Amino acid sequence: MSDLQIKATVREEVGKGLVGLRAANQIPGIFYGAKSKPVSLSVGYLPFKEVFQEAGENTIIDLDVDGQKKKVLVKEVQYHPTTSNFIHIDFFEVDVTKKITAAIPLEFTGESKAVKDKGGVLVKSIDELEVECLPADLPKNITVDISSLNTFDDVIKIGDLDISAAVSVSLDKKNVIATVTPPRSEEELDELDEEVKGDVEDVEGVKKEEPAEGEEGAEEGVADKPTEEKPVEEAKSADDKKKK
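Note that this note's numbering numbers the sequence shown so that position 21 is 22, with each residue one more than the last.
Here's what the structure looks like:
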């Protein structure tokens with residue numbers, strides 16, 4: 002069981018004074034659970050930051066709410082869009098006697114010879130595992146040691162992981178977690194380069210669709226063409242004929 006603790010203060014005025022609260026290095030939050038009514042509260046910014054860095058979202062924390070201790074998990078953290086500071090926290094009360102389901106992140110460690118010596122590329126098929134266990138047995142993360150990936154034929158499966166017997170995983174143990182693919186050959190790189198060049202040429206070669214001959218500017222020609230006038234001499238000749 003974790004010894005991590007943090008103090009919280011109940012907020013009487015919900016939705017008011019949040020700017021001043023944050024200016025005082027306090028983070029607004031809410032506490033709730035299956036058998037608990039929601040309670041608005043606040044916690045110190047630095048104390049929470051220190052605890053959260055160690056606990057994450059999968060470690061039980063002792064939340065002291067005005068003297069009453071509650072076993073909680075950090076259910077959700079909201080961040081400021083530009084500063085990434087904490088702006089709101091959800092604390093979920095757990096029943097230590099009942100199993101819970103949680104997504105546990107995988108932590109990849111070690112060094113693969115297939116990557117280091119053979120230039121391969123590490124492929125991670127899974128980044129987290131959904132597990133079920135009692136709150137006290139919930140792991141913060143699950144370690145995946147990739148040092149066993151010595152060749153391009155080696156794989157790491159869920160069944161290869163060191164997971165406590167108290168923790169059950171929802172996925173099949175035969176599911177592959179990580180493998181190493183060989184580097185591309187010169188021929189593959191050349192083919193890829195040719196494909197890229199072809200795409201670029203296609204884009205650059207796209208021209209504005211030209212209208213059929215005689216269509217372009219047809220309307221403009223009619224509109225812009227000045228009205229033809231009879232020459233002055235022709236006009237006079239016509240007048241003379243009338244007089245005769």
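Beta carbons are placed, not taken as given, at the ideal position from N, Cα and C, and that holds for glycine. Only a predicted model underlies this, so the values are computations on that prediction, with no experimental measurement involved.
To the nearest whole angstrom, what separates the beta carbons of T102 and E133, a pair I think is in contact under 8 angstroms?
Yes, T102 and E133 are in contact; Cβ-Cβ is about 5 angstroms, under 8 angstroms.
How is the alpha helix (DSSP H) around F49 delimited, first residue to last?
Y46 to A56
Counting only runs of 3+ residues fully inside the segment 142-193, write out the beta strand (DSSP E) ranges in chain order.
143-146, 156-158 and 177-182
I'd like the span of the beta strand (DSSP E) that includes K119, first residue to last.
The continuous stretches of beta strand (DSSP E) do not include K119, and DSSP gives it neither H nor E.
Counting C-beta neighbours from all protein chains within 10 Å, is the total for Q6 16 or more, i.e. buried, or is it exposed?
So Q6 counts as exposed.
What does a CB cutoff of less than 7 angstroms around E13 pick up in its chain, not counting 5 residues either side in sequence?
none
Short Cβ contact (8 angstroms threshold) for V177 with V145:
No, they are not a contact pair.
Quick one: residues in its chain with C-beta nearer than 6 angstroms to the C-beta of G120, no 5 flanking neighbours on either side, listed in chain order?
P184
Quick one: residues in its chain with C-beta nearer than 6 angstroms to the C-beta of Q27, no 5 flanking neighbours on either side, listed in chain order?
S43
Which residue comes first and which comes last in the beta strand (DSSP E) that contains Q34?
The identity of residue 34 in the sequence shown is Gly, whereas the question assumes Gln. Here the beta strand (DSSP E) through G34 covers Q27 to G34.
Which of helix, strand or coil does DSSP assign to P82?
coil
Cβ distance (whole Å) where N151 is taken to contact I105 below 8 angstroms
27 angstroms between Cβ atoms; not a contact.
Nearest-angstrom Cα separation, counted from V11 out to S126
43 angstroms
May I have the straight-line CA-CA distance separating V168 from D138, to the nearest angstrom?
Answer to the nearest angstrom: the Cα atoms are 7 angstroms apart.
Span of the beta strand (DSSP E), counted from its first residue to its last, around L22:
L22 -> not in any beta strand (DSSP E); alpha helix (DSSP H) instead, spanning L19 to A24.
Should the segment 111-119 be called in touch with the segment 87-96, which here means at least 3 C-beta pairs below 8 angstroms?
no
Can you check whether the CB of I61 is closer than 8 angstroms to the CB of P136?
yes
Return the CA-CA distance between A9 and D91, expressed in angstroms with no decimal places.
A9 and D91 have their C-alpha atoms some 12 angstroms from each other.
Between the beta-carbon of P39 and the beta-carbon of H89, is there less than 8 angstroms?
no
Can you look up P140 in the DSSP assignment and give me helix, strand or coil?
coil
Is it right to say L172 is buried, meaning 16 or more other beta carbons lie within 10 angstroms of its own, or is it exposed?
exposed
Which residues DSSP lists as bridging F74, in chain order
With the sequence shown as reference, residue 74 is identified as Leu, and Phe is not the correct amino acid for it. Answer is F93, bridged to L74.
Local conformation of L42 per DSSP, three classes
strand
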